[in-house]
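Structure, as structure tokens:
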Amino acid sequence: MSDIRRRDPRKEWIARNRLHPQHLEVLAALGRGTGEEAASEWMGPHGLIRRNPRAVGFIGPNGVKRIDRSGAQQGQRAGGARASAAASKPRVEIAAPAFLVAVVPDMAGGRLTGHDRDLLGLARQLADADPAARGAVLAVVFGEHKEDDFEGAGVDRLLHLTGPEIDGFAPEARLGALVAMDRAWGPRHWLLPDSKLGGADLGRRLAARLGERPATGVWQLEADGEAPLGWRCTARGAAGTLDFQRPMPRLVLALAECAEPVSETRHAAEPLALPEALPIQLSRIQDLGQVAVDPAGVALSEAEFILSAGNGVRDWDAFHHAAEMLGATEGASRVAVDDGFMARDRQVGATGTWVTARVYVAVGISGAIQHLQGIQTCDKVVAINMDPGCDMIKRADLAVIGDSAKVLEALVALVEKSREEKRNAA
Amino acid sequence: MLDTLLPILIAAALALAVIGAGRRVRLWRQGRPARVSLLKGLAAMPRRYLVDLHHVVARDKAMSNTHVATAGGFVAAAVLMILVHGLGLGAEVAEGALGWLLLAASATMFVGSCFVARRRRHPPSRLSRGPWMRLPKSLMAFSLSVFAITLPTVGLLPEDFGSWMLALALLAVLVWGLGEMFFGMTWGGPMKHAFAGALHLAFHRRAERFSTRTGGSGRSTGLKALDLEDPKAPLGVEKPADFTWNQLLGFDACVQCGRCEAACPAFAAGQPLNPKKLIQDMVVGMAGGSDAAYAGSPYPGKPVGEHQGHAQGPIVAREGKALVDAETLWSCTTCRACVEECPMMIEHVDAIVDMRRFLTLEHGNTPNKGPEVLDNLIATDNPGGFDPGARMHWAADLELPLMADLQQVDVLLWMGDGAYDMRNQRTLRALVKVLRAAGVDFAVLGNEERDSGDVARRLGDEATFQSLAQRNIATLAKYRFLQIVTCDPHSFHVLGNEYGELGGHYRVHHHSTFIAELHEEGRLAFRPWKGGRVTYHDPCYLGRYNGEFEAPRNVLRALGIEVAEMERSGFRSRCCGGGGGAPITDIPGKQRIPDMRMGDVRETGAELVAVGCPQCTAMLEGVVDSAAEVRDIAELVADALVEPPAGHAKGPARTARPLAEEVVS
Amino acid sequence: MRPESHHDAPLAVTVLVSVGRHPLTGRGRRADQDARGVELSHTLTGAAVELLHAGRLDEGSEAALRGYLGMGFESLSLLEQPAGADVLPALAEALEASGPQLVIAGERAEQGEGSGLLPYLLAERLGWPLVSGLAAVEEVKEGVATLLQALPRGQRRRLQVRLPAIVTVDAAAPAPRQSAFGPARRGDVDVQAVPARDDADLAQWQAQSARKRPKRLKIVKAASARDRFKAAAAKAQGGGGQVLTEVTPEEGAEAIFKLLKEEGVLR
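Protein chains in written order, with this note's numbering: chain A, 573 to 998; chain Y, 8 to 672; chain G, 710 to 976.
See below:
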């Protein structure tokens with residue numbers, strides 16, 4: 573369906589004329605809704621919003637027609653419009669860029685991560701700062717990917733490199749490609765995510781090879797005419813305890829949330845190719861592939877998602893099964909450990925491990941003070957418990973009162989179902 | 008025939024005993040030197056034996072009487088026998104009275120040994136068997152044969168009564184008796200306890216713990232400091248020879264009565280510790296050999312016979328097995344129940360901490376969360392690793408006066424690390440409320456306070472303890488105060504008993520003592536108790552370590568509470584399992600110590616257990632499905648506060664106290 | 710260490726150690742990652758391990774450096790460098806001179822810039838391969854080391870690298886053993902005077918203690934003021950937890966599933 577709004581003067585005229593036999597049909601056709609209901613709102617010929625109060629409202633309990641002016645009814649309809657708005661974002665083309673901003677996204681799982689999108693947002697800031705001489709954002713993607721929205725993420729040029737030599741952990745080959753790229757196009761800025769997923773490593777290798785002193789842990793950028801590149805940056809240092817204010821260098825390793833991701837515009841994402849073939853290198857590092865690791869064995873303090881069991885858990889096999897299905901790291905309350913159901917290194921709390929999980933699901937844990945102290949820094953706490961009065965429920969962001977075994981069982985079923993759907997869709 | 012043989016026999020037994028004694032002394036002298044006043048100790052020994060040791064033995068009346076009869080009879084009989092039969096003074100001196108006395112002594116000893124034999128018929132599991140099972144027979148053999156050979160001396164029987172066969176049989180029995188009593192005493196038989204025990208009492212490493220005629224304190228519980236200034240000074244005990252000689256002597260004094268075993272909470276919980284076995288292992292190590300001959304209860308879960316060592320070999324191996332496994336040492340809660348019960352006054356806890364010191368300071372092998380806690384203490388001055396600047400956060404709304412502002416107060420309130428613990432903050436709040444109600448002039452150190460060093464010291468990290476203690480002492484030296492009050496018995500003990508050696512002398516009171524005093528002065532009034540049955544749990548570091556059993560009970564009485572005592576209370580109180588870093592090292596057992604303690608509480612039918620220690624609160628409250636609520640005494644008092652009756656104005660009480668003029672630095 | 714059981718020369722390993730800084734109190738300590746590196750070196754049987762530090766020896770740093778000695782070492786080499794010096798040339802020259810097979814370093818320093826660049830610059834200068842984020846060294850045989858590299862969420866990757874090489878460790882490497890007081894006190898700090906080069910760039914930058922980063926709000930790109938208001942209001946009332954009582958297990962599970970999905974922890 574086209575997004576362009578076309579006006580039909582005849583229909584507008586009919587809509588204004590309440591006595592016209594086709595009045596209601598036209599009204600419906602002009603409205604945003606489908607034909608079943610009469611449109612309640614439309615734009616008049618002079619750009620004014622017109623309302624038809626007869627088309628809105630509902631019959632109240634006393635048989636009187638009621639119109640809800642809180643907008644609740646309108647809110648329900650907003651969805652469709654928003655979806656089409658995404659497609660209608662203005663498209664920006666930069667045909668002859670004044671300079672290049674090279675970005676090397678992590679592409680974890682073959683898709684742009686949130687961190688990558690933030691970084692592309694930062695790249696756009698750099699590229700679009702001077703409207704008179706706009707730069708282009710060049711993304712370098714290694715290996716096969718599943719991303720289909722480079723345009724929406726703010727990529728003007730896309731260099732997609734594939735080949736067996738750069739698959740897996742191949743920092744030397746990838747570095748060779750980046751160096752070749754630097755030689756070919758000489759981007760004004762190099763941006764990499766300062767992340768464990770690869771950006772931190774590759775960025776530092778590039779810095780050492782190019783002989784540039786990079787800014788690492790950058791989380792803030794501001795224009796500064798005196799700096800060589802026109803920008804100043806704030807960089808985290810000393811294990812996150814210091815902020816360094818410094819002129820922005822050519823190579824920047826930036827933290828997540830360093831900038832807002834691009835959301836208003838679409839870009840060309842025009843494919844590029846290197847002018848010359850990659851140099852063949854003898855790799856001194858050989859990737860033997862990933863090793864299977866049991867999620868239950870991940871250190872508690874590092875775990876991102878913990879399923880924790882307490883005194884209320886009766887069916888331990890079901891609990892372990894649930895943890896495995898959810899891909900969660902197992903934790904336990906002190907009691908569960910003391911009773912011998914869980915190992916001591918699984919104990920969460922002030923006397924066990926202080927956890928930093930983003931999501932903490934407490935199953936049958938009443939929430940002793942020491943336990944609550946240990947989960948202080950958890951973002952989201954979910955409690956499944958029989959007792960609605962216990963302290964864990966008060967702490968939890970979401971609490972389900974009920975038989976934990978049954979809830980877990982239902983949850984596992986849901987996860988299985990969604991996995992199944994995903995598999996079928998793929 | 009007897010006349011000629013007896014003196015030879017007795018002389019031979021005595022000579023062998025002397026040789027054995029020499030050998031035994033050589034074993035003890037493998038240990039490090041210790042500064043002990045030999046003569047003074049020997050002079051004090053009889054009193055230490057008759058008063059202090061007997062005070063402990065007399066807790067078991069029957070055994071006490073048995074021992075008086077047997078030991079008293081033996082000592083008298085032995086001396087008289089030497090005089091009468093050895094030197095032949097029987098007939099001439101005092102018209103044969105010596106002979107009659109000897110008869111009486113050996114008869115008494117025989118009666119005593121009958122009771123010993125009865126005890127040994129169905130011995131409780133805490134008693135060691137093995138050679139100890141033959142002891143009553145040996146005692147009987149000695150007493151009966153001495154009795155028999157004395158009969159002719161006093162003329163009750165003709166000199167040549169019976170045949171030479173009978174005389175030979177009698178002699179054989181006498182040789183057995185003499186062998187056990189004289190030879191065995193110094194060559195390692197059960198009677199060794201008498202010889203080593205007497206010397207151990209004389210050269211005890213804690214002379215202060217014995218009462219004196221002038222009324223000494225009779226309590227000495229603070230650990231002794233290591234010399235960290237001297238880089239050559241050893242850090243703890245690696246091998247048996249690293250103990251001081253009087254410690255080795257002390258181990259040798261053990262009678263294997265197993266009272267320590269019966270009192271030990273770790274043993275009861277099935278953790279691999281048995282204080283009796285530990286002491287015996289030290290004896291094995293001192294003499295060299297394996298523990299296969301040990302005939303008592305083993306360390307739970309550790310069969311006898313797998314461990315061995317010698318005086319110059321390691322006690323705990325880095326890998327594999329040596330004399331003792333490390334987890335045995337780390338099971339101890341340092342509750343001192345064993346020391347309190349030991350009739351031979353052996354210092355188990357000192358020995359355990361000495362060995363722990365080596366494991367921590369030299370091996371770097373503190374188990375489980377130990378290293379983390381110690382690192383936290385080093386980096387943040389508290390075991391939890393919290394921001395030292397957040398120590399006062401719990402009292403953000405209380406506007407507590409700070410020492411830094413006031414410089415001089417009556418009472419310095421020592422908060423302890425409980426300031427970081429949400430549960431203990433309730434106790435602290437209650438205590439502050441009580442102090443304010445009584446109009447006490449108090450202040451806190453605030454963020455200047457550090458951990459007292461208790462946990463570091465019990466975990467064997469003497470270096471961290473001394474560092475914390477020295478900095479605390481320096482902080483305290485900046486201010487003037489009359490006394491320190493704390494709701495943490497561990498801080499109380501360390502500040503009061505262990506800082507002295509490092510130069511910090513303070514008057515320290517536990518909050519229960521202080522509240523009791525305030526109540527006596529009429530500065531606090533309570534509404535009567537309306538709740539249910541209440542029992543009281545004695546914290547080890549308040550009770551056994553510092554002898555404060557009465558003040559908390561007085562406070563509870565003042566609240567109108569009649570304490571339903573647990574079977575194990577007072578000096579026999581069972582540990583909560585929270586002392587000595589035990590929750591940190593966390594050695595697994597069959598059950599948990601706090602669960603057993605809450606079982607004791609349940610037996611009294613109490614709905615509430617009053618405590619006076621943050622560790623006890625945490626441990627006991629951590630027991631699941633317990634029927635009783637756990638409240639600190641301060642909380643109970645704070646809840647019961649009412650305005651004091653008129654006439655007891657707050658003013659005079661305060662001015663009656665002298666201002667800080669005799670402050671100790 | 711049993712050198713006699715290997716007939717060839719023991720594997721020469723150098724661990725680069727730095728003075729750490731406790732995040733709360735700022736006191737000097739063993740740097741966590743470096744200590745993990747030292748621990749990693751302990752897992753290499755038959756290796757001759759040397760500890761190397763470039764910096765000053767003063768009251769603040771000595772306790773921290775002795776902390777490494779307390780992990781069971783007799784000595785530590787210290788290349789004397791003033792504060793604010795660029796330690797790269799000193800370290801590179803020392804490594805070139807001693808020629809170890811394997812250099813282990815922490816990923817980032819806890820003081821100074823802490824950019825984590827040093828191992829990369831060393832690798833570039835020495836021409837050695839570098840592997841980052843190590844979890845374990847599985848085997849060293851015939852000049853090739855088999856390594857386990859740590860990936861996020863506890864995953865591991867097996868790599869082989871030709872020696873000599875530099876490896877870095879982070880928090881996924883084995884936790885360091887306790888530092889014992891006795892060996893730490895006895896250990897020898899071997900101070901060597903070496904020429905120093907100033908880090909001119911670093912001196913020009915302004916350093917201040919880290920500001921708390923603003924938490925990103927969920928920005929609602931709403932067409933109408935009403936939607937924006939609704940979004941803002943929903944954030945404000947989000948403090949209290951949602952309690953589902955008297956729901957079927959399926960409904961409860963549905964709610965939890967939704968939350969897990971939203972948080973993106975389900976894969």
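C-beta: ideal position from N, C-alpha, C; glycine also.
Treat the numbers as computed from the prediction; the structure is a model and nothing was measured.
**Prompt:** Between which two residues does the beta strand (DSSP E) containing residue 487 of chain Y stretch?
**Reply:** Looking at the DSSP string, the run of the beta strand (DSSP E) that includes residue 487 of chain Y is 487 to 493.
**Request:** Check each candidate in A:755, A:689 and A:856 and name the one with the smallest Cα separation from residue 680 of chain A.
**Result:** Minimum Cα distance to residue 680 of chain A is reached at A:689.
**Request:** Give a yes or no on contact between the segment 834 to 843 of chain G and the segment 901 to 910 of chain G, applying the rule of three or more CB pairs nearer than 8 Å.
**Result:** Between the segment 834 to 843 of chain G and the segment 901 to 910 of chain G, the count of C-beta pairs closer than 8 Å stays below three; the two stretches do not touch.
**Asked** Can you list, in chain order, the residues of its chain whose CB lies under 8 Å from that of residue 3 of chain Y, leaving out five sequence neighbours each side?
**Response** Because chain Y here runs from 8 to 672, residue 3 of chain Y falls outside it and cannot be looked at.
**Message:** Within 8 Å, do at least three Cβ pairs link the segment 485 to 495 of chain Y to the segment 388 to 403 of chain Y?
**Reply:** With a cut-off of 8 Å, the segment 485 to 495 of chain Y and the segment 388 to 403 of chain Y do not count as touching, because too few Cβ pairs lie within range.
**Request:** Identify each residue in the segment 810 to 830 of chain A for which the Cβ-Cβ distance to at least one residue of chain G is less than 7 Å, and report them in chain order.
**Result:** Correct list: 810, 811, 812, 813, 814, 815, 816, 817, 818 and 829.
**Request:** Could you list the residues in the segment 904 to 918 of chain A with a C-beta less than 8 Å from some C-beta on chain Y, going in chain order?
**Result:** Taking a C-beta cut-off of 8 Å against chain Y, the contacting residues of the segment 904 to 918 of chain A are 906, 907, 910 and 916, listed in chain order.
**Request:** Tell me whether residue 192 of chain Y counts as near the ligand GDP, meaning its Cβ is closer than 6 Å to at least one heavy atom of that ligand.
**Result:** No copy of the ligand GDP appears in this structure; indeed no ligand is present at all.
**Prompt:** Exposed or buried, what is residue 164 of chain Y when buried is set at 16 or more other beta-carbons lying within 10 Å of its beta-carbon?
**Reply:** Residue environment: residue 164 of chain Y is assigned as exposed (fewer than 16 neighbouring CB atoms within 10 Å of its CB, all protein chains considered).
**Asked** With burial defined as no fewer than 16 other Cβ atoms inside 10 Å of the residue's Cβ, what is the status of residue 239 of chain Y: buried or exposed?
**Response** Under this definition residue 239 of chain Y is an exposed residue.
**Asked** To which residues does DSSP link residue 817 of chain A through a beta bridge?
**Response** For residue 817 of chain A, which the question treats as bridged, DSSP gives the partners A:806 and G:915.
**Item:** Best match in Y:542, Y:558 and Y:559 for proximity to residue 634 of chain Y [C-alpha to C-alpha]
**Value:** Nearest of Y:542, Y:558 and Y:559 to residue 634 of chain Y, Cα basis: Y:542.
**Prompt:** With burial defined as no fewer than 16 other Cβ atoms inside 10 Å of the residue's Cβ, what is the status of residue 128 of chain Y: buried or exposed?
**Reply:** In summary, residue 128 of chain Y is exposed, with fewer than 16 beta-carbon neighbours lying within 10 Å of its beta-carbon over all protein chains present.
**Asked** When the Cα of residue 599 of chain Y is compared with those of Y:276, Y:182, Y:55 and Y:20, which residue comes out closest?
**Response** Nearest C-alpha to residue 599 of chain Y: Y:276.
**Interface positions of the segment 408 to 434 of chain Y facing chain A (Cβ-Cβ less than 7 Å), listed along the chain** = Per Cβ criterion, the list reads 429 and 430.
**Message:** For the segment 889 to 910 of chain G, list every residue whose C-beta sits within 8 Å of some C-beta in chain Y, in sequence order.
**Reply:** Listed in chain order, the positions of the segment 889 to 910 of chain G with a beta carbon within less than 8 Å of a beta carbon of chain Y are 889, 890, 891, 892, 894 and 895.
**Request:** Work out the CA separation of residue 94 of chain Y and residue 57 of chain Y for me, nearest whole Å.
**Result:** Approximately 29 Å, taken between the alpha carbons.
**Message:** Against chain Y, does residue 965 of chain A count as a neighbour if the rule is that its beta carbon must be under 7 Å from one of theirs?
**Reply:** So, not an interface residue.
**Prompt:** Is residue 947 of chain A close to chain Y, meaning its C-beta is less than 7 Å from at least one C-beta of that chain?
**Reply:** Not an interface residue.
**Message:** To the nearest angstrom, how far is the alpha carbon of residue 233 of chain Y from that of residue 212 of chain Y?
**Reply:** A direct Cα-to-Cα measurement between residue 233 of chain Y and residue 212 of chain Y gives close to 15 Å.
**Asked** Interface residues of chain A around residue 629 of chain Y at Cβ under 9 Å?
**Response** Result: 906, 907, 910, 923, 940 and 942.
**Prompt:** Shorter than 7 Å from the beta carbon of residue 972 of chain G to some beta carbon of chain A?
**Reply:** Chain A, which has a Cβ nearer than 7 Å to the Cβ of residue 972 of chain G, makes this yes.
**Prompt:** Which full runs of the beta strand (DSSP E) of 3+ residues lie inside the segment 958 to 995 of chain A, going along the chain?
**Reply:** Taken in chain order, the whole beta strand (DSSP E) runs of length 3 or more contained in the segment 958 to 995 of chain A are 970 to 973.
**Message:** For chain A, check one thing: does any of its Cβ atoms lie closer than 7 Å to the Cβ of residue 443 of chain Y?
**Reply:** No, no contact with chain A.
**Asked** With respect to the alpha helix (DSSP H) encompassing residue 888 of chain A, which residues constitute its N-terminal and C-terminal limits?
**Response** Element bounds for residue 888 of chain A: 888 to 898.
**Message:** Please report the distance separating the alpha-carbon of residue 616 of chain Y from that of residue 581 of chain Y.
**Reply:** If you take the alpha carbons of residue 616 of chain Y and residue 581 of chain Y, they lie about 14 Å apart.
**Residues near residue 133 of chain Y in its chain [Cβ-Cβ closer than 8 Å; skip 5 each side]** = Excluding sequence neighbours, residue 133 of chain Y sits near 264, 265, 266, 268, 269, 283, 303 and 304.
**Request:** Would you mind giving the Cβ-Cβ distance between residue 675 of chain A and residue 709 of chain A, rounded to the nearest angstrom? I have them listed as a contact below 8 Å.
**Result:** Rounded, the Cβ-Cβ distance is 6 Å, consistent with contact.
**Item:** chain A contact residues for residue 599 of chain Y, given Cβ-Cβ distances below 8 Å
**Value:** The contacting residues are 910.
**Item:** Proximity to residue 669 of chain A [Cα-Cα], best of A:946, A:781 and A:758
**Value:** When each option's Cα is compared against that of residue 669 of chain A, the closest is A:758.
**Request:** Compare the C-beta of residue 814 of chain G against all C-beta atoms of chain A and say whether one is closer than 7 Å.
**Result:** Closer than 7 Å: no.
**Asked** Is there a Cβ from chain Y that is less than 7 Å from the Cβ of residue 751 of chain G?
**Response** False, the Cβ-Cβ gap to chain Y never drops below 7 Å.
**Asked** Per DSSP, what kind of secondary structure is residue 499 of chain Y in: helix, strand or coil?
**Response** Under the three-state reduction of DSSP output, residue 499 of chain Y falls in the helix class.
**Prompt:** According to the Cβ coordinates, are residue 112 of chain Y and residue 83 of chain Y closer than 7 Å?
**Reply:** Cβ distance < 7 Å, so residue 112 of chain Y and residue 83 of chain Y count as in contact.
**Prompt:** Using a Cβ-Cβ cut-off of 8 Å (strictly less than) and excluding sequence neighbours within five positions of residue 560 of chain Y, which residues of its own chain qualify?
**Reply:** 543 and 570.
**Request:** Give, in chain order, every unbroken run of the alpha helix (DSSP H) that is at least 4 residues long and sits entirely within the segment 562 to 594 of chain Y.
**Result:** Runs found: 589 to 592.
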